Each structure stands twice: as C-alpha cells, then as structure tokens.
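Numbered by my numbering, the letters in the sequence shown go through residues 150 to 616 in order.
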Amino acid sequence: MTKKDNKVKELKEKLFMEKKNSGLIMTDAEMKAADKFNEGYKAFLDKGKTEREATKAAIEIAEKAGFTEFKVGKKYKAGDKVYCNNRGKAVILAVFGKEDIEKGVNILAAHIDSPRLDLKQNPLYEDSEMAFFKTHYYGGIKKYQWTTVPMALHGVINKKDGTVIDVVVGEDDKDPVFVVTDLLIHLAQEQMKKNAANVVTGEQLNVLIGSRPFKDDEGSELVKLNIMNMLFEKYGIIEEDFLSAELEVVPAFKAKDIGFDRSMVGAYGQDDRVCAYTALMATVEIKGTPSKTVVTVLTDKEETGSDGSTGLQSSYLEYFIHDIAESFGKNGRHVLSASKCLSADVNAGYDPNFAEPFEKMNCAYMGKGTCLTKFTGSRGKSGTNDASAEFVGYVRKIFDDNKVIWQTGELGKVDFGGGGTVAKYIANLDVDTIDLGVPVLSMHAPFEITSKNDVYMTYKAFAAFIK
150 MTKKDNKVKE LKEKLFMEKK NSGLIMTDAE MKAADKFNEG YKAFLDKGKT EREATKAAIE
210 IAEKAGFTEF KVGKKYKAGD KVYCNNRGKA VILAVFGKED IEKGVNILAA HIDSPRLDLK
270 QNPLYEDSEM AFFKTHYYGG IKKYQWTTVP MALHGVINKK DGTVIDVVVG EDDKDPVFVV
330 TDLLIHLAQE QMKKNAANVV TGEQLNVLIG SRPFKDDEGS ELVKLNIMNM LFEKYGIIEE
390 DFLSAELEVV PAFKAKDIGF DRSMVGAYGQ DDRVCAYTAL MATVEIKGTP SKTVVTVLTD
450 KEETGSDGST GLQSSYLEYF IHDIAESFGK NGRHVLSASK CLSADVNAGY DPNFAEPFEK
510 MNCAYMGKGT CLTKFTGSRG KSGTNDASAE FVGYVRKIFD DNKVIWQTGE LGKVDFGGGG
570 TVAKYIANLD VDTIDLGVPV LSMHAPFEIT SKNDVYMTYK AFAAFIK
C-alpha cells in the first residue's frame with residue numbers, strides 16, 4: 150500500500166461514519182449478558198400480552214425492587230422509589246434524584262398496548278351450527294395475517310354487582326385455543342383477485358369458539374347455548390355481562406429464539422413491549438440515588454392515537470409531574486420545561502425481502518444497535534416531534550461515552566407513509582424529546598422479530614440516559 154493509499158484510508162477512518170454489526174463489536178461477556186437479559190424479556194412478553202397484564206407485571210417487578218405506591222401530598226426525599234397505577238392499564242415509576250427537581254427530570258416513555266382483536270360488546274353468535282365471537286381489530290394490522298393463527302382470550306369481565314373476573318384461556322398447554330378461519334385455496338379464485346387490504350375484511354375476523362350443541366334441548370342456537378352454559382358454569386356470567394367486559398384475542402404462542410444462532414427473539418407484542426421492558430429494567434436497576442429524578446411511563450392506547458384516560462394525550466403524566474414537584478415545594482411547569490425525554494418506541498428494521506419502501510442510507514438495521522429516530526410522522530414530517538440538533542448532540546455524547554452501540558433511522562422512504570409515537574405528546578409539554586428503540590421485522594404482525602443485541606443495547610442506552 151502506497152503512502153497516498155494510507156492517507157486516504159486514514160482520512161476515511163477519521164471522517165466517514167460506519168455503523169458495524171454489534172456482533173463484531175460486543176465482547177463475549179457482553180453477548181452472554183445480552184442473552185441472559187433477553188431470557189427475562191421473553192418471560193415478560195409471555196406474562197404481559199395485554200396492557201393490563203403488562204401493567205401488573207411491571208408493578209410486580211417494581212415492588213420487588215423496593216418501589217411503593219405514590220401518595221399525593223406525601224413528602225419524598227432523594228432515593229425514594231414510587232409508582233402510580235393508572236386504572237390498571239398504564240403505570241408511572243419514579244426514582245427521586247439528588248438535584249433540585251426544578252432542574253428537570255429524565256423521562257422514559259414506552260407503550261404497552263399492541264395490535265390485537267377486541268371482542269365487540271355483543272360478540273357471541275351461532276352460524277351453521279358453529280359458535281363465533283365477533284371482533285373489532287385494534288391498531289393497524291394486515292387483516293389477512295390474523296387468520297389461521299392459534300389465538301388466546303385475555304381480559305376482564307365486570308359484572309353488574311361489581312365482581313371483576315380475570316380471563317386467560319389459551320396460554321396453558323392444556324387449554325383450548327381459538328382461530329379466525331380462512332378460505333381454502335381451491336375455492337379462493339375470487340378472493341385472490343382482491344388487493345391485500347380486502348382479502349379479509351374486518352367483519353370476517355370472527356373467532357371460531359365451538360361447534361357442539363347443547364344436548365338436553367331442541368331448537369335453534371344450541372351451539373351458542375352450549376358455549377354460554379359453559380361460560381356460566383366456569384365464570385358465573387350471562388350474555389349481558391359481555392357489555393361490561395374488555396376481552397382481547399391475541400396470538401397464543403410463546404416468545405421463542407429465532408435462528409440457528411439464537412440471535413433473535415420472535416414473539417407477539419414486541420411493538421412496543423420491547424421498549425417498555427428495557428425502560429422498566431433500566432429504571433428498577435438504578436444503583437444508589439440518581440443525580441436527576443427519573444420518571445418512566447408505560448402507557449396505553451398508542452396504537453389507536455393515544456386518546457383516552459390511559460393514553461398520553463390525556464393529562465395523567467403531566468399531573469404526576471405536578472404532583473411530585475409539589476411534594477418538593479416546586480412548580481410542575483418549571484420541572485417540565487427543564488426535563489428531557491427518550492420516547493421509547495420501535496422502528497422498522499430493514500428487510501431485504503421487502504427492500505423497496507426503505508431508503509438504505511437512513512433506515513434501521515437489525516443487529517446494528519438501538520435506533521435513534523430524530524423525527525417520525527408521514528411524508529412531509531406531518532404529525533411529528535422533530536428533535537433539536539442540540540438534544541441529538543446531547544444524547545449522542547451520552548451513548549458514545551457509555552459504549553452504547555446505536556444507529557439512526559427513519560420509518561421508510563419520504564413518500565411511502567410513516568408512523569407516529571408518543572414523542573409529540575410529551576414534547577408538547579415543553580420537554581426536549583427524541584425517539585429511541587429497537588428495530589423490528591414484521592412489525593404489527595402476530596409474530597414480530599427483534600435482535601437480542603439490539604434489545605440489550607436499548608436497555609443499556611436507557612440506563613446511560615438516566616444514570
């Protein structure tokens with residue numbers, strides 16, 4: 150190699166940006182730590198398939214780490230750890246820091262709801278001596294992906310007398326499962342002519358739940374009667390109780406390792422419980438007392454626009470910040486204005502099988518670390534928080550100083566669509582905010598895929614940010 154070649158090589162190494170696969174950078178010890186961390190993550194996914202279950206699981210983890218329920222008006226001190234349960238469907242955790250709270254708090258915000266099929270209020274019907282549940286899909290899905298998949302039923306039934314019944318059917322190996330049927334290929338000539346959005350319609354996402362009639366009677370709807378009688382015997386409910394129930398149909402399979410090298414996780418609900426778990430663990434594993442107060446919110450309703458009392462378009466996070474500020478005799482508005490936030494949400498991992506929607510210079514790649522997303526939105530950055538250069542620089546330094554493997558990404562080419570996160574709702578509170586999360590393959594499908602190394606680096610990034 151000539152002197153000139155050496156000079157070019159040195160300049161390229163100095164001036165060009167190169168993001169390597171994490172498997173080429175991480176030590177063997179760190180790879181083992183990543184694998185171990187993902188075992189806990191898979192267990193969390195299996196335990197928390199709905200926002201209610203994820204909230205309950207998060208609170209159990211927090212309480213084991215010494216967190217107690219937040220009390221409005223109580224005086225707290227540095228080092229105290231609290232949580233606030235919002236209606237059993239969202240939770241906020243806080244660890245109070247050494248610094249004056251008016252200098253701001255460090256916020257992590259992830260969502261724990263995922264695309265699924267919700268039962269309609271009047272769901273149970275019989276057709277051709279088969280019993281079905283009618284559903285209304287929740288969040289953005291490719292409807293055809295949700296047929297012929299083994300499903301489980303999760304949720305709660307609130308009876309008129311105030312009794313609350315928890316329902317989980319389809320997760321135990323001895324449980325039955327449920328399914329949305331599809332048309333056999335031999336008779337699907339007309340169906341196959343439709344575009345993908347209409348191959349299966351929303352009203353065809355009916356869940357098959359039984360086919361045996363009630364034997365001790367004659368007449369119509371005997372299969373429905375048999376199912377209703379079984380539900381009455383097991384849960385003590387009548388058909389009217391469906392009116393005050395929240396029942397969700399989700400994939401029944403467990404989180405599994407993907408690949409001969411076991412380098413990936415395949416599971417339902419990784420958008421966005423992968424960021425919820427990593428943010429949660431970074432928070433509960435804080436050693437000692439942090440400099441700044443840490444606030445971690447695991448929220449509901451992101452997949453449908455963050456509306457409602459448990460979504461981040463409501464004021465519950467803002468109220469919580471005001472409440473903790475008041476416990477130190479400070480002004481909540483001043484706390485928010487000085488705060489910083491990592492909006493913890495996933496990005497789309499580049500898939501070489503479907504390369505066209507991606508812009509390869511500005512997309513996230515599996516295995517290249519956690520993904521920093523400066524802006525989301527669609528097309529002309531519509532509906533996005535766009536983080537400032539100053540805040541991006543601030544976060545860059547933290548990650549590099551703490552040896553976090555990270556990359557940047559957008560959600561597809563400019564004119565191909567895009568998506569949103571909770572970032573803009575927190576930024577609208579006058580908080581510096583940017584998205585950070587794990588690249589995901591097959592996002593919003595019943596079985597999503599992540600890299601174990603990316604999961605671990607996201608946890609490491611959150612821990613560095615709040616340290």
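For each residue, glycine too, the CB sits at the ideal point set by N, CA and C.
Since this is a predicted model, take the numbers as computed values, not measurements.
According to DSSP, residues forming a beta bridge with residue 556
520
Just reading off the alpha helix (DSSP H) that residue 465 is part of, what are its end residues?
465–476
Closest to residue 273 by C-alpha separation, out of 358, 544 and 214, would be which residue?
358
DSSP three-state label for residue 255, please.
strand
Candidates 562, 488 and 558: which alpha carbon is nearest residue 581's?
Closest option to residue 581, Cα to Cα, is 488.
C-beta contact flag for residue 375 and residue 361 at 8 Å:
yes
Can you name, in chain order, every residue of its own chain whose Cβ lies under 7 Å from the Cβ of residue 592, other than the five neighbours on each side?
420, 495 and 497
Is the separation between the beta-carbon of residue 242 and that of residue 282 shorter than 8 Å?
no
Through-space distance from residue 207 to residue 214, alpha-carbon basis:
Taking the Cα positions, residue 214 is about 11 Å away from residue 207.
Residue nearest to residue 306 in terms of C-alpha spacing, selected from 380, 560, 171 and 328
380
With distances taken Cα to Cα, identify the nearest neighbour of residue 301 among 308, 294, 316 and 291.
316
Quick one, which of 433, 427 and 262 has its alpha-carbon nearest residue 442's?
Looking at the Cα atoms, 433 is the closest of the given residues.
Under three-state DSSP, which class holds residue 512?
In the three-state reduction of the DSSP assignment, residue 512 falls in the coil class.
Exposed unless 16 or more other CB atoms sit within 10 angstroms - verdict on residue 456
exposed
Count the other C-beta atoms from every protein chain shown that fall within 10 angstroms of the C-beta of residue 221, then say buried if there are 16 or more, exposed otherwise.
exposed
Give the range of the alpha helix (DSSP H) segment to which residue 127 is assigned.
Outside the modelled stretch of the chain, which goes from 150 to 616, sits residue 127, for which no answer is possible.
Three-state secondary structure (DSSP) of residue 344
The answer is coil: DSSP assigns residue 344 none of H, G, I, E or B.
I'd like the span of the alpha helix (DSSP H) that includes residue 187, first residue to last.
177–196
So for residue 590, helix, strand or coil by DSSP?
strand
Report the three-state DSSP secondary structure of residue 212 (helix, strand or coil).
helix
Tell me where the beta strand (DSSP E) around residue 414 begins and ends.
413–416
Can you pull the DSSP bridge partners for residue 239?
235
Please say whether residue 422 and residue 197 have beta carbons closer to each other than 8 Å?
yes
Span of the alpha helix (DSSP H) holding residue 486?
481–486
Rounded to whole angstroms, how far is the Cβ of residue 451 from the Cβ of residue 287, which I believe are closer than 8 Å?
Rounded, the Cβ-Cβ distance is 11 Å, inconsistent with contact.
Beta-bridge partners of residue 568, as assigned by DSSP
526
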